[in-house]
Amino acid sequence: MMSIRAHFDGKVFVPDETVDVPVGAPLALRIEPVPSSAVINTDDLLSPVIVGLDPALSQAIASAPEL
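In this text, residue positions in the sequence shown follow numbering that gives the first Met the number 0: the first is 0, and each later residue adds one.
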């Protein structure tokens, strides 16, 4: 038995991750709501951070990316 996270798009349940299940395989779903505090908004993780950066430091980072 496996457990996956999914969301309901109004018509079907859509997995939030890759699942290894054959197409057309019969399954039984147990619906368990997830508290909103447990849901991570990936848009927040991908938001750019804008900070002031010293031009000399910026140039040093660009020319030596291993820093």
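Ideal Cβ placement from N, Cα and C applies to all residues, glycine included. Please read these numbers as outputs of a predicted model, since none were measured by experiment.
Counterpart residues of P14 in DSSP-defined beta bridges: Residue mapping note: residue 14 aligns to position 15 of the sequence shown, counting from 1. In DSSP, P14 forms a bridge with A5.
Same chain, Cβ closer than 7 Å to A27, five either side skipped, listed in chain order: Taking the sequence shown and counting its residues from 1, one reaches residue 27 at position 28. If we look at A27 and ignore the five residues flanking it on each side, it has no Cβ neighbours.
Among L52, S62, S2, nearest to D15 - alpha-carbon criterion: Within the sequence shown, the letter at position 16 stands for residue 15. The residue with the shortest Cα to Cα distance from D15 is S2.
DSSP-derived helix/strand/coil call for P54: Along the sequence shown, one-based indexing puts residue 54 at 55. In the structure shown, P54 sits in a helix (DSSP, three-state: H, G or I).
DSSP three-state assignment for S63, whether helix, strand or coil: On the sequence shown, position 64 is the one that residue 63 refers to. Note on residue identity: the sequence assigns Ala, not Ser, to residue 63. When secondary structure is reduced to three states using DSSP, A63 falls in the coil class, being assigned neither helix nor strand.
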